[in-house]
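Novice: Have a look at this one.
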Amino acid sequence: MKQDIKQYIFVIRELVSREIKRKYTRSTLGVLWSVLAPLLNMTVMSLIFTTIFTRDIENFPIYYLTGIILWNMFSAGSAQAMTSLVDNKSMLIKVKLPTGIFPLARCCTALTNLSYSLIAYVIMLVVFQIKLNAAFLLMPIYILLTFLFTLGIGKALSVMYIFFGDIQHLYTVLLTLWMFCSAIFYPVDRVAGVMRIIINNNPMYIFIAAARRSILEGLAPTPREWVMMLLWSLGVYLFGTIIFDKFQNRVMQHI
Numbered sequence: 008m009k010q011d012i013k014q015y016i017f018v019i020r021e022l023v024s025r026e027i028k029r030k031y032t033r034s035t036l037g038v039l040w041s042v043l044a045p046l047l048n049m050t051v052m053s054l055i056f057t058t059i060f061t062r063d064i065e066n067f068p069i070y071y072l073t074g075i076i077l078w079n080m081f082s083a084g085s086a087q088a089m090t091s092l093v094d095n096k097s098m099l100i101k102v103k104l105p106t107g108i109f110p111l112a113r114c115c116t117a118l119t120n121l122s123y124s125l126i127a128y129v130i131m132l133v134v135f136q137i138k139l140n141a142a143f144l145l146m147p148i149y150i151l152l153t154f155l156f157t158l159g160i161g162k163a164l165s166v167m168y169i170f171f172g173d174i175q176h177l178y179t180v181l182l183t184l185w186m187f188c189s190a191i192f193y194p195v196d197r198v199a200g201v202m203r204i205i206i207n208n209n210p211m212y213i214f215i216a217a218a219r220r221s222i223l224e225g226l227a228p229t230p231r232e233w234v235m236m237l238l239w240s241l242g243v244y245l246f247g248t249i250i251f252d253k254f255q256n257r258v259m260q261h262i
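Everything in the sequence shown is counted per this note's numbering, starting at 8 for the first residue and increasing by one.
Next up, the structure:
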């Protein structure tokens, strides 16, 4: 059993390494782009929106960066996990490995890219003189909960993609809508009515808002927020796993 676990961990590490190398294969700076990209995006967004929301959002660059690094892990991880089984078709057929390793590896790749982005994030916290306290230590928990949520979505999508290839295009559109409903670059106070209700119950916004509050205000989530985050992350992860396991045999027949 221990030998199998070690083997699976080795395979996941190799798959993650392969994905990262493939992503930056024609890039001179390589993985440095994972650090530079959020900084450059933050600079552009700050130039555009700082004057618009100058009275609404204090420390807008950190507000934006906190949201976008979590969002990028979710969007990249879930979208790439969707095609993980098809992309690794030959390996699935030739090598006896648990099929769940492939969407997991794609989500781990997104998590690895987030870890690089955290370098840029820490630099900006120092630049903007954000005073950190004990609430900052909750950040790994927010990342873990977002990761479980991402993996659940990714596992369900990877099965759906086998039987319905157009889901990839539909999900791209959904991600765009989802991003705008996650209040990444605007204050929620500006939104009212049904849209406000949608945003407040959007799981990605709940994760992002909790992280922002801990970093910018030094506050931990309320008990209700903890319950909501746990329900969303664990619930979606279990749902995705159940869907994945249920259709696993049919996947091998159709792939």
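We treat Cβ as the ideally placed atom computed from N, Cα and C, and that holds for glycine.
Ignore the nearest five residues each way along the sequence and tell me which others in Gly225's own chain have a CB closer than 6 Å to its CB.
Specialist: Counted from its first residue, the sequence shown places residue 225 at position 218. For Gly225, where only same-chain residues beyond five positions count, the Cβ hits under 6 Å are Asn140 and Ala142.
Novice: Report buried or exposed for Ile213, applying the criterion of at least 16 other Cβ atoms within 10 angstroms of its Cβ.
Specialist: As a working note, residue 213 is residue 206 in the sequence shown. With 16 or more Cβ atoms within 10 Å of its Cβ, Ile213 is classed as buried.
Novice: Between which two residues does the alpha helix (DSSP H) harbouring Val243 extend?
Specialist: Counted from its first residue, the sequence shown places residue 243 at position 236. Residues Pro230 to Lys253.
Novice: With a threshold of 16 other CB atoms inside 10 Å of the CB of Lys103, please say whether the residue is buried or exposed.
Specialist: Position 96 of the sequence shown holds residue 103. Classification for Lys103: exposed.
Novice: Measuring CA to CA, which of Tyr244, Gln87, Met202 and Phe170 is closest to Asn256?
Specialist: In the sequence shown, the residue the question calls residue 256 occupies position 249. Out of Tyr244, Gln87, Met202 and Phe170, Phe170 has the C-alpha closest to the C-alpha of Asn256.
Novice: Consult DSSP for Arg24 and reduce its assignment to one of helix, strand or coil.
Specialist: As a working note, residue 24 is residue 17 in the sequence shown. Note on identity: in this sequence residue 24 is Ser, with Arg being the wrong assignment. Note: Ser24 maps to helix in three-state DSSP.
Novice: Please look up how many angstroms separate the CB atoms of Leu77 and Thr179, rounded, as I've assumed it's under 8 Å.
Specialist: Walking along the sequence shown from the start, residue 77 turns up at place 70. Walking along the sequence shown from the start, residue 179 turns up at place 172. Not a contact, Cβ separation roughly 19 Å.
Novice: What would DSSP say about Phe109, mapped onto helix, strand or coil?
Specialist: Sequence index remark: in the sequence shown, residue 109 carries index 102 (1-based). In this structure, Phe109 counts as helix in the three-state DSSP scheme.
Novice: Tell me, please, whether the CB atom of Lys253 is closer than 7 Å to any CB atom in chain D?
Specialist: The structure shown has no chain D; it contains just one protein chain.
Novice: Figure out for me which residue from Leu241, Ser24, Val18 and Tyr71 has the closest Cα to the Cα of Pro194.
Specialist: Looking up residue 194 in the sequence shown gives position 187. Of the listed residues, the one whose Cα sits closest to Pro194 is Tyr71.
Novice: Could you spell out the range, first to last residue, of the alpha helix (DSSP H) harbouring Lys162?
Specialist: Reading the sequence shown from its first residue, position 155 is the one you call residue 162. Met146 to Phe170 is the span of the alpha helix (DSSP H), which, as asked, contains Lys162.
Novice: State yes or no: is the C-beta of Val129 within less than 7 Å of the C-beta of Phe254?
Specialist: Indexing the sequence shown from 1 puts residue 129 at position 122. Indexing the sequence shown from 1 puts residue 254 at position 247. Not a contact, by the Cβ cut-off of 7 Å.
Novice: Could you name the residues of the same chain whose beta carbon sits closer than 7 Å to that of Val18, not counting the 5 residues immediately before and after it, in chain order?
Specialist: Along the sequence shown, read from residue 1 onward, the residue named residue 18 stands at position 11. These residues qualify, in order along the chain: Leu104 and Ile108.
Novice: Taking Leu223 as the reference, give the member of Thr119, Met131 and Leu111 with the closest Cα.
Specialist: Locating residue 223 in the sequence shown gives position 216, where the first residue counts as 1. Comparing Cα positions, the closest option is Met131.
Novice: From this set, Thr119, Ile69, Lys101 and Ala163, which residue's C-alpha is nearest Thr90's C-alpha?
Specialist: Sequence index remark: in the sequence shown, residue 90 carries index 83 (1-based). Out of Thr119, Ile69, Lys101 and Ala163, Ala163 has the C-alpha closest to the C-alpha of Thr90.
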